[in-house]
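Student:
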Amino acid sequence: MKTYLYIAIGAVAGGIARYQLGIWIGEWRGTSAGFPWATLLINISGAFVLGFLFRWLRFGTGNHHLQALLGTGFCGAFTTFSTFSLETVNLMMESQTPTALLYVAASVVLAPVGCFVGYVAAGIIE
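Each residue of the sequence shown is one higher than the one before, starting from 25 at the first, in our numbering.
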């Protein structure tokens, strides 16, 4: 049960960080820049943070609660793209590059398809 509390605390912090960083990037780049700069930069920075934490916590402290707080909680709320990136890197580090490439291609193609289907489904029930 204690682990869930760590995840929740991290998720609150990650969600707030994502929201605030989105505002700052929007002010810096402008909201009408025509490109989703905030999302891109959040995804890249979240992937960096999760990759760093994975290596540091795995080979460093190994603290399960710290992993739950920062990895699952903070990074999970900050961006799920960081998890996707870490899973891809792990596949490549395990010499499963073809599987990693398939995972990337399937995710990049099928996630927007899923979003589109959800959008259409919502329109049908309106």
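Just so you know, even glycine gets a beta-carbon here, dropped at the ideal spot from N, CA and C.
1) Does the Cβ-Cβ distance between S106 and V137 come in under 8 Å?
2) Under 8 Å Cβ to Cβ from G39, same chain only, skipping five residues before and after it: list those, please.
3) Determine, using beta-carbon pairs with one atom in the segment 26-39 and one in the segment 84-93, whether at least three such pairs fall under 8 Å.
4) Could you have a look at M116 and say whether DSSP puts it in helix, strand or coil?
5) Apart from the five residues just before and just after V133, which ones in its own chain have a Cβ nearer than 8 Å to its Cβ?
6) Quick check: I31 and G97, are their CB atoms within less than 8 Å of each other?
Tutor: The short version:
1) The Cβ atoms of S106 and V137 do not sit closer than 8 Å to each other.
2) When the five nearest sequence neighbours on each side are left out, the beta carbons in the same chain lying within less than 8 Å of the beta carbon of G39 are those of A101, F102, in order along the chain.
3) Yes: the two stretches touch, three or more of their Cβ pairs being nearer than 8 Å.
4) Note: M116 maps to helix in three-state DSSP.
5) Sequence-distant partners of V133 (beyond 5 residues in either direction) whose C-beta falls short of 8 Å from its own C-beta are missing from its chain.
6) Contact flag set, yes.
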